[in-house]
Amino acid sequence: MKKISITLTFPESLIKHLHLYISQGQISKFVTQMVTNGLGAEKQKLAKEFQEAHQDSERNAEIEIWNALIGDGIDIANP
Numbered sequence: 003m004k005k006i007s008i009t010l011t012f013p014e015s016l017i018k019h020l021h022l023y024i025s026q027g028q029i030s031k032f033v034t035q036m037v038t039n040g041l042g043a044e045k046q047k048l049a050k051e052f053q054e055a056h057q058d059s060e061r062n063a064e065i066e067i068w069n070a071l072i073g074d075g076i077d078i079a080n081p
């Protein structure tokens, strides 16, 4: 996997705390794992929210009303 070097800024207290548990040579690996885990959690959260929205009958009815207006001949981009 190709790697890209970036610069991140953290509070000094967090870095000191990090060094208590993670050796200098392992910080990139640790941060990569934490970001990967965090992104996985966000993806699951978003999937759950999409599923809930899909099951919201009131929301879906409103979308159908708006979708009916798509072909109404009004072109907002070119008034």
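Every position in the sequence shown, counted from 1, becomes a number in our numbering once 2 is added.
Every residue, glycine too, gets a C-beta built ideally from N, C-alpha and C.
Since the model is a prediction, treat every value here as computed from it, not as a measurement.
Just curious, the alpha helix (DSSP H) that residue 36 is in, first and last residue? 29-56
Using three-state DSSP, classify residue 65 as helix, strand or coil. helix
Where residue 25 and residue 19 are concerned, what is the direct C-alpha to C-alpha distance, given to the nearest angstrom? 11 Å
For residue 4, does the three-state DSSP call read helix, strand or coil? coil
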